[in-house]
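Below: one structure, written as structure tokens.
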Amino acid sequence: MFAAYAARIDRDQPLNGLELGERPEPGVRPGWTTVTVKATSLNHHDLWSLQGVGLSEQALPMILGCDAAGIDEDGNEVVLHSVVGQTGHGVGPDEPRSILTERYQGTFAERVAVPAWNVLPKPKELSFEEAACLPTAWLTAYRMLFTNANVRPGQGVLVQGAGGGVATAAIALGAAAGLRVYATSRDAAKRERAVELGAVAAFETGARLPQRVDAVIETVGAATWSHSVKSLKPGGTLVISGATSGPNPPATELNRIFFLELKVVGSTMGTKDELADLLDFCAATGVRPVIDSVLPLDRAREGFEKMAGGDLFGKVVLTV
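According to the numbering used here, the stretch in the sequence shown is residues 1 to 320, in order.
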């Protein structure tokens, strides 16, 4: 079957390790099922895999891709939860949970094998392309907002780095849930798009907000960390799920964190139940993933180049 896969690890030039071509069909194992992929979407996780983050040389070649919507063995339209091993389903008792492409072949292919427990029904209201955007970036944003930040309608949220997959999802989901959403970006066009998505206002990175917020959704890391901490109300929550600008901020703001009793919460992906809730939320409210571009799988390299260059707003979707 045709697939896009990591053939080599290259920390400096990750796209040098990306290959497109034929790979073996998914193997059959007890408790697993095969899904025919109709659409999948890119995440920074795929780019980091090509740099060796979470992927070892011994695991190569590895088909990339965490997200997918497609057709199951019974002809049903489905969405995949990409965390393998949650509560032990489909793996051994001592195996830690992992994301597709860390231990198991991913979704940038004509077919993918996953534990049967990881398959959810696709709502009829969502297209395959829309549904394929949800299991990683949108699920991460959903958990950050509603589980880890625990915000309520009417409260204020700052989303750093408008344009990225998680940040874009957080703006759209937060606005649909009745939150007062502020966003930041260095790019004027992305700030404008953030307001179109439902942000009350969008500002230059680091700009003073009209008011402090109850929570900050942080995926940028070092470049925005100090601003994130300073933007919180006393007792507020900073939820972080990534650090695209680096993990070591020049100022940690520890004095402010303890004096104002701020909470810093790490967040990674989400549960199967949260994905089911997210699918229902999108179906019920009309919120849809922001899609930057749709490409056929054989043009996956273009999508990777677009993501690596940061020249996107929303998700890059690959169709099979």
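Glycine included, each C-beta is placed from N, C-alpha and C at the ideal position.
Within 9 Å, strictly: CB atoms of residue i and residue j
{"i": "I217", "j": "V166", "result": "yes"}
{"i": "T107", "j": "C133", "result": "no"}
{"i": "K263", "j": "D292", "result": "no"}
{"i": "L80", "j": "V28", "result": "no"}
{"i": "V240", "j": "G221", "result": "Looking at the sequence provided, one finds Ile at residue 240 rather than Val. Closer than 9 Å, so yes."}
{"i": "T268", "j": "P296", "result": "no"}
{"i": "A176", "j": "V287", "result": "yes"}
{"i": "G198", "j": "H44", "result": "no"}
{"i": "D12", "j": "Y142", "result": "no"}
{"i": "L18", "j": "L60", "result": "no"}
{"i": "L42", "j": "A300", "result": "yes"}
{"i": "L232", "j": "L260", "result": "yes"}
{"i": "H227", "j": "Q160", "result": "yes"}
{"i": "K272", "j": "Q105", "result": "no"}
{"i": "L173", "j": "P153", "result": "no"}
Assigned secondary structure, residue i (DSSP; H/G/I helix, E/B strand, else coil)
{"i": "E77", "result": "strand"}
{"i": "E218", "result": "strand"}
{"i": "M1", "result": "coil"}
{"i": "P14", "result": "helix"}
{"i": "M269", "result": "coil"}
{"i": "D121", "result": "The identity of residue 121 in the sequence shown is Pro, whereas the question assumes Asp. Three-state result, P121: strand."}
{"i": "F304", "result": "helix"}
{"i": "E261", "result": "coil"}
{"i": "A201", "result": "strand"}
{"i": "V91", "result": "coil"}
{"i": "S41", "result": "strand"}
{"i": "L20", "result": "strand"}
{"i": "G106", "result": "coil"}
{"i": "R191", "result": "helix"}
{"i": "R180", "result": "strand"}
{"i": "L126", "result": "coil"}
{"i": "G174", "result": "helix"}
{"i": "P249", "result": "coil"}
Buried or exposed by the 16-neighbour rule on C-beta atoms within 10 Å, applied to residue i
{"i": "K122", "result": "buried"}
{"i": "F203", "result": "buried"}
{"i": "E305", "result": "exposed"}
{"i": "T140", "result": "buried"}
{"i": "R208", "result": "exposed"}
{"i": "F258", "result": "exposed"}
Cα-Cα separation between residue i and residue j, rounded to whole angstroms
{"i": "A69", "j": "F128", "result": "6 Å"}
{"i": "H89", "j": "W117", "result": "6 Å"}
{"i": "W325", "j": "A170", "result": "No answer is possible for residue 325: it lies beyond the span of the chain, which begins at 1 and ends at 320."}
{"i": "T136", "j": "V53", "result": "16 Å"}
{"i": "S245", "j": "A223", "result": "6 Å"}
{"i": "L238", "j": "G266", "result": "9 Å"}
{"i": "K230", "j": "T219", "result": "16 Å"}
{"i": "S49", "j": "L55", "result": "6 Å"}
{"i": "L20", "j": "A7", "result": "9 Å"}
{"i": "L298", "j": "W32", "result": "Note that residue 298 corresponds to Asp in the displayed sequence, not to Leu. Spanning the two alpha carbons is a distance of roughly 27 Å."}
{"i": "V213", "j": "P247", "result": "23 Å"}
{"i": "N255", "j": "V37", "result": "49 Å"}
Residues that residue i bridges to, as DSSP identifies them
{"i": "P115", "result": "W32"}
{"i": "I63", "result": "Y5"}
{"i": "S56", "result": "Its beta-bridge partners do not exist; DSSP assigns none."}
{"i": "S98", "result": "V84"}
{"i": "V316", "result": "S293"}
{"i": "G164", "result": "A162"}
{"i": "G70", "result": "V37 and V78"}
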